[in-house]
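J.: Count along the sequence shown from 1, add 100, and you get the number used in my numbering.
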Amino acid sequence: MDAQTLLQAKLQTECAILRSYSQSECSKTMLKILDMLIESYKLDLIHVKPDGLVAVQSAIQQTIAIRNVVADESKDSPKI
Numbered sequence: 101m102d103a104q105t106l107l108q109a110k111l112q113t114e115c116a117i118l119r120s121y122s123q124s125e126c127s128k129t130m131l132k133i134l135d136m137l138i139e140s141y142k143l144d145l146i147h148v149k150p151d152g153l154v155a156v157q158s159a160i161q162q163t164i165a166i167r168n169v170v171a172d173e174s175k176d177s178p179k180i
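#1: Is it the case that the Cβ atoms of Y141 and I160 are separated by a distance below 9 Å?
#2: Is DSSP giving E139 helix, strand or coil here?
#3: Is the Cβ-Cβ distance between S122 and A171 less than 9 Å?
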């Protein structure tokens, strides 16, 4: 198994473990933090210069992907 495949398998395993705790108080708190981070990035969109737009959009997408794993709303990898 090559390094990339091994890393992807480990990521999927850890995500499955994380999803199993989606209803815990810790996960609920983490979701609140991730939601606030997403909103913060959205506010950044108002002031970002065109050359920084892709970075902010990518940050939003990545945070949403992680949030969806924590909330058990997606079986996809958090890697975008």
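The C-beta atom is built at its ideal place from N, Cα and C for all residues, glycine as well.
A quick note: this is a predicted structure, and the numbers were derived from the prediction, not measured.
T.: Answer, in terms of the structure:
#1: Yes. Within cutoff.
#2: Helix at E139.
#3: For S122 and A171, yes; Cβs fall inside 9 Å.
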